[in-house]
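In what follows, a structure is listed as structure tokens, so that the remarks can point back to it.
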Amino acid sequence: MTSTLINVFKKLNITAVTQIRLCSSATNVVSEHRDISVIKKDWKFPPQYTKPREVWIENLDTVKENKLGLFELHPLIYATVPRIDLIHRNVEWQKKYRWVSWAHTKTRAEVRGGGRKPWPQKGLGRARHGSIRSPLWRGGGIVHGPRSGKTHFFMLPFHMRIHGLTSTLSAKFAQDDLHVVKDLELPTEESEYLIDLIKERNWGPSVLIVDDTDYAPRNITVATDNLPYVNIMPVYGLNVYSMLKHDTLILTHAAAQKIEERLLNHLHSNTAIQQAKFKLDQV
Amino acid sequence: MGSRQITEKSLVMLRSLPRLSLANIRDNPGSKKNTKRGRGQHGGDKHGAGNKGSGQRQNYMRLGYETGNNPFYLRMPHEPYYKGHHHRREYPPISLLEIQKLIDTDLIDITQPIDIASIVKSGLYNFFPDKKHFGINLTDEGVDSFAAKINIEVQWASEQVIAAIEKNGGVITTAYYDPHSLFLLKNPKKFFESGQAIPRRMIPPADVIEYYTSAETRGYLADPEKISQERFRLSQKYGYELPNIENDQCYTMLCERKDPRQIFHGLEPGWVVNLKDKCILKPKDDELLQFYAS
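From first to last, the protein sequence lines stand for chains A and B. Start counting the first sequence at 1; every next residue gets the next number (UniProt numbering). Start counting the second sequence at 1; every next residue gets the next number (UniProt numbering).
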């Protein structure tokens with residue numbers, strides 16, 4: 001394991017100032033579109049120690065990729081330390097908080113029968129037993145077995161959830177699996193079009209599309225309806241598990257901004273209420 | 001999180017590694033501790049409970065028991081120092097140093113009058129009205145380094161604290177709030193969402209009437225004339241020149257005080273704050289107006 005890592009380091013020839021991603025593929029030359037807009041942003045919380053990342057805004061209205069502009073992403077959200085352990089903790093949490101274990105075993109009291117002493121205490125030369133359903137017996141009750149309706153619910157601390165999201169977004173972005181599109185307008189509602197597009201751009205096969213509204217345009221909803229590996233999600237549903245489950249993450253321009261804004265706000269404000277101990281809303 | 005170099009290096013490394021997925025993530029090694037008790041020949045030796053006696057059996061003696069001696073708590077006569085402590089008012093302290101820190105880190109806006117609501121909103125002070133906490137006791141830690149001109153309203157303050165604030169050209173008021181008002185001030189949003197009308201603030205109980213009507217303690221029920229005399233007297237006592245707030249540019253802010261029946265700055269009793277439509281509903285009925293008038 002260690003030698004593999006060392007080899008990876010040697011191959012990488014790491015330099016600290018390397019820009020992670022300037023353009024997604026060298027073949028698509030910018031000069032095809034002369035009116036490239038570069039969106040510089042003034043954030044409420046500007047990056048202090050790292051430079052903003054730049055990402056192409058792509059289109060969805062042709063199968064072939066067109067670059068419509070450059071867009072700045074905040075490094076605190078899209079280029080932070082990819083904490084794999086935090087990502088794992090988040091996935092673990094998402095699996096567990098909704099899991100109710102229904103495995104069930106019977107105790108010696110619940111197994112049918114066994115009320116009578118099988119044989120007298122003394123005089124037979126046999127071992128003493130009081131019940132044929134004792135846990136020592138075959139077909140007897142189970143001690144400390146699983147009892148049904150066990151919940152595995154817990155809340156992951158607030159900032160672990162926040163950093164899980166930023167870590168996953170950063171990892172996706174660093175691995176070229178995060179793309180920003182202008183909007184979700186497709187020219188047709190054929191699934192074939194979307195399949196071709198995904199193949200042409202080397203996305204996927206599984207793709208998660210995130211928009212900032214609950215209502216996606218009709219064409220894309222119809223096109224993705226029969227494609228189980230292409231899913232659409234609003235910004236408020238964005239989560240670590242789904243991002244990892246899908247190979248490629250497609251954010252609309254508005255969604256990327258909204259995610260950035262909300263996470264930055266949480267990272268820079270007083271979160272005492274969110275950090276407080278989780279209480280079930282019951283007396 | 002981490003230095004810039006580490007971030008860059010790890011992101012560059014990720015680029016050439018396989019795609020991150022549900023199948024290739026893991027927690028840090030050693031981060032999980034097994035809480036199961038060991039079993040088997042040596043795995044389950046003593047389980048940390050030691051050898052022999054009540055330690056092993058974990059049947060510890062009751063608290064204060066001295067294995068047959070007349071125990072200390074019975075040997076000594078009863079001295080009721082804390083008799084009735086659960087009925088007394090508490091004022092959880094915050095020091096001038098901490099107030100200065102809140103101001104320096106921009107968690108409090110000093111262009112507005114400061115009250116308990118704005119201090120709680122900073123997130124670094126908390127109190128519990130249901131535990132007989134009756135507001136802020138402003139303590140004198142950091143009097144020498146305090147250098148802000150503020151209009152602050154607290155529930156308890158010592159003479160040094162008053163002097164420190166007035167020396168910098170600020171003003172301080174001590175004001176009483178009943179527990180119900182304090183719940184409102186602690187979490188105004190929760191109250192406004194309930195859709196109720198803002199109640200009147202109650203008058204202080206008999207044993208603190210004197211404190212809140214006295215000019216030495218800058219009580220909110222004291223005569224303003226006497227307060228200005230006391231301000232001068234205090235400056236003479238501590239030997240500083242009293243800044244003239246009449247000529248100050250934030251004179252109006254420094255002169256702002258709440259009505260003795262008022263809970264929130266800028267909101268009068270009887271008003272209903274509608275957060276959904278972002279408007280304030282005011283009573284018009286004469287009976288209501290008369291009820292809420294101070």
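All C-beta atoms in this analysis are idealised placements derived from N, C-alpha and C, irrespective of residue type, glycine included.
Along chain A, which residues have their Cβ under 7 Å away from the Cβ of N28(B)?
-> Here residue 28(B) corresponds to residue number 28 of the second sequence, with the count starting at 1. Those are D85, listed as they occur along chain A.
Tell me the DSSP bridge mates of F232(B)?
-> The sequence position of residue 232(B) within the second sequence is 232, counting from 1. Its beta-bridge partners do not exist; DSSP assigns none.
Mind checking if R19(B) is an interface residue toward chain A, Cβ cutoff 7 Å exclusive?
-> For the purposes of this step, residue 19(B) is identified with residue 19 of the second sequence, where counting begins at 1. Chain A contact via Cβ: present.
Measuring only between beta-carbons, confirm whether N270(A) sits less than 7 Å from chain B.
-> On the first sequence, position 270 is the one that residue 270(A) refers to. Yes, N270(A) counts as interfacial toward chain B.
For S170(A), which residues in chain B fall below 7 Å Cβ to Cβ?
-> Mapped onto the first sequence, residue 170(A) falls at position 170. Per Cβ cutoff of 7 Å: L11.
Pull up the distance between the alpha-carbon of P157(A) and that of H163(A), whole angstroms please.
-> Translated into the one-based positions of the first sequence, residue 157(A) becomes position 157. Translated into the one-based positions of the first sequence, residue 163(A) becomes position 163. So the two alpha carbons sit approximately 10 Å from each other.
When the Cα atoms are used, what is the spatial distance from A23(B) to V230(A)?
-> As a position in the second sequence, residue 23(B) is number 23, starting the count at 1. As a position in the first sequence, residue 230(A) is number 230, starting the count at 1. Their backbone Cα atoms lie some 19 Å apart in a straight line.
Excluding sequence positions up to five away, which residues of its chain have a Cβ less than 8 Å from the Cβ of L194(A)?
-> Here residue 194(A) is taken as the residue at index 194 of the first sequence, counted from 1. Excluding residues within five positions, the ones whose Cβ falls inside 8 Å are L186, I220, A223, T224, L227, V230.
When burial is assigned at 16 or more other CB atoms within 10 Å of the CB, is D211(A) buried or exposed?
-> As a first step, residue 211(A) is located in the first sequence; it is residue number 211 there, counting from the start. When all chains shown are included, D211(A) counts as buried.
In chain B, which residues lie with their C-beta within 9 Å of the C-beta of D177(A)?
-> Stepping through the first sequence from its first residue, residue 177(A) is reached at position 177. Within chain B, the residues near D177(A) are R19, L20.
Compare the beta carbon distance of P199(B) and P129(B) with 7 Å and say whether it is the shorter of the two.
-> In the second sequence, the residue the question calls residue 199(B) occupies position 199. In the second sequence, the residue the question calls residue 129(B) occupies position 129. The answer is no: Cβ separation not under 7 Å.
Going by DSSP, what residues sit across from P234(A) in a beta bridge?
-> To locate residue 234(A), count along the first sequence from 1; it is residue 234. P234(A) is bridged to D211(A).
Straight-line Cα distance separating S228(B) from L96(B) | Locating residue 96(B) in the second sequence gives position 96, counting from the first residue. Locating residue 228(B) in the second sequence gives position 228, counting from the first residue. Between L96(B) and S228(B), the C-alpha separation is close to 22 Å.
Where does K237(B) fall in DSSP's three states?
-> The sequence position of residue 237(B) within the second sequence is 237, counting from 1. In this structure, K237(B) counts as helix in the three-state DSSP scheme.
Distance between A215(B) and K237(B) (C-alpha atoms, nearest Å) | Taking the second sequence and counting its residues from 1, one reaches residue 237(B) at position 237. Taking the second sequence and counting its residues from 1, one reaches residue 215(B) at position 215. Looking at the two C-alpha atoms, the distance is approximately 15 Å.
For L184(B), go through chain A and note every residue whose CB falls closer than 9 Å to its CB, in chain order.
-> Walking along the second sequence from the start, residue 184(B) turns up at place 184. Simply none; closest approach about 17 Å.
If you follow the alpha helix (DSSP H) that H180(B) is part of, which residue opens it and which one closes it?
-> For the purposes of this step, residue 180(B) is taken as the residue at position 180 of the second sequence. Counting along the chain, the alpha helix (DSSP H) containing H180(B) begins and ends at 179-186.
Identify, in the order they occur along the chain, each residue of the same chain with its Cβ nearer than 6 Å to the Cβ of A254(A), setting aside the five sequence neighbours on each side.
-> As a first step, residue 254(A) is located in the first sequence; it is residue number 254 there, counting from the start. Closer than 6 Å at Cβ, skipping near neighbours: D212.
Where T166(A) falls: helix, strand or coil (DSSP) | Residue numbering aside, residue 166(A) sits at position 166 when the first sequence is read from its first letter. Helix.
Whole-number beta carbon distance between I116(B) and L221(B), since they are thought to touch under 8 Å = Translated into positions along the second sequence, residue 221(B) becomes position 221. Translated into positions along the second sequence, residue 116(B) becomes position 116. The Cβ separation is near 18 Å, so there is no contact.
List, in order along the chain, the chain A residues whose C-beta lies closer than 8 Å to that of L14(B)?
-> Looking up residue 14(B) in the second sequence gives position 14. Neighbours of L14(B) on chain A, chain order: P82, A171, A174, Q175.
Which residue comes first and which comes last in the beta strand (DSSP E) that contains V171(B)?
-> Taking the first residue of the second sequence as position 1, residue 171(B) is located at position 171. Start and end: 171-174.
Would you list the one or two residues that DSSP bridges to K106(A)?
-> On the first sequence, residue 106(A) is found 106 positions in, with the first residue counted as 1. In the DSSP output, where bridge partners are listed per residue, K106(A) has none listed.
Sort N151(B), I245(B), K132(B), G38(B) by Cα distance to G84(B) and report the nearest one.
-> Counted from its first residue, the second sequence places residue 84(B) at position 84. Ranking the options by Cα distance to G84(B), first place goes to K132(B).
Cβ separation of N137(B) and W156(B), assumed to be a contact under 8 Å, to the nearest whole Å | Here residue 137(B) corresponds to residue number 137 of the second sequence, with the count starting at 1. Here residue 156(B) corresponds to residue number 156 of the second sequence, with the count starting at 1. Sure, about 4 Å apart at Cβ, within 8 Å.
Option in E256(B), Y240(B), G239(B) with minimal Cα separation from E246(B) | Position 246 of the second sequence holds residue 246(B). For E246(B), the nearest C-alpha among the options comes from E256(B).
Specify the secondary structure class of L107(B) as computed by DSSP and reduced to three states.
-> Position 107 of the second sequence holds residue 107(B). L107(B): coil per DSSP, three-state reduction.
Limits of the unbroken beta strand (DSSP E) element including T213(B) | Locating residue 213(B) in the second sequence gives position 213, where the first residue counts as 1. Premise fails: T213(B) lies in the alpha helix (DSSP H), 206-213, not in any beta strand (DSSP E).
How about the region 75-82 of chain A and the region 39-54 of chain A: do they share at least three Cβ pairs that are nearer than 8 Å?
-> yes
Neighbour list for I25(B) in chain A, Cβ cutoff strictly below 8 Å = On the second sequence, position 25 is the one that residue 25(B) refers to. Here the neighbours are I84, I87, H88, V91, L244.
Please compile the residues from chain B whose C-beta is within a distance smaller than 9 Å of the C-beta of D247(A).
-> Sequence index remark: in the first sequence, residue 247(A) carries index 247 (1-based). Correct list: R19, S21.
7 Å Cβ cutoff met for I87(A) and V240(A) | For the purposes of this step, residue 87(A) is taken as residue 87 along the first sequence, with counting starting at 1. For the purposes of this step, residue 240(A) is taken as residue 240 along the first sequence, with counting starting at 1. For I87(A) and V240(A), yes; Cβs fall inside 7 Å.
How would you list, in chain order, the residues of chain B whose beta-carbon sits under 8 Å from the beta-carbon of A255(A)?
-> Within the first sequence, the letter at position 255 stands for residue 255(A). Under the 8 Å cutoff, chain B gives no residues; its nearest Cβ is about 20 Å from A255(A).
Got a sec? Which residues, its chain only, sit under 6 Å from I132(A) by beta carbon, not counting five neighbours each side?
-> Translated into positions along the first sequence, residue 132(A) becomes position 132. For I132(A), where only same-chain residues beyond five positions count, the Cβ hits under 6 Å are G114, P118.
Can F134(A) and R108(A) be called in contact, C-beta distance under 7 Å?
-> Within the first sequence, numbered from 1, the residue matching residue 134(A) stands at position 134. Within the first sequence, numbered from 1, the residue matching residue 108(A) stands at position 108. According to the sequence provided, residue 134(A) is Ser. The question's Phe does not apply to it. Taking 7 Å as the Cβ cut-off, S134(A) and R108(A) qualify as a contacting pair.
When DSSP labels each residue in this structure, what does W156(B) get in the three-state scheme?
-> Numbered from its first residue, the second sequence carries residue 156(B) at position 156. DSSP places W156(B) in strand when its eight states are reduced to three.
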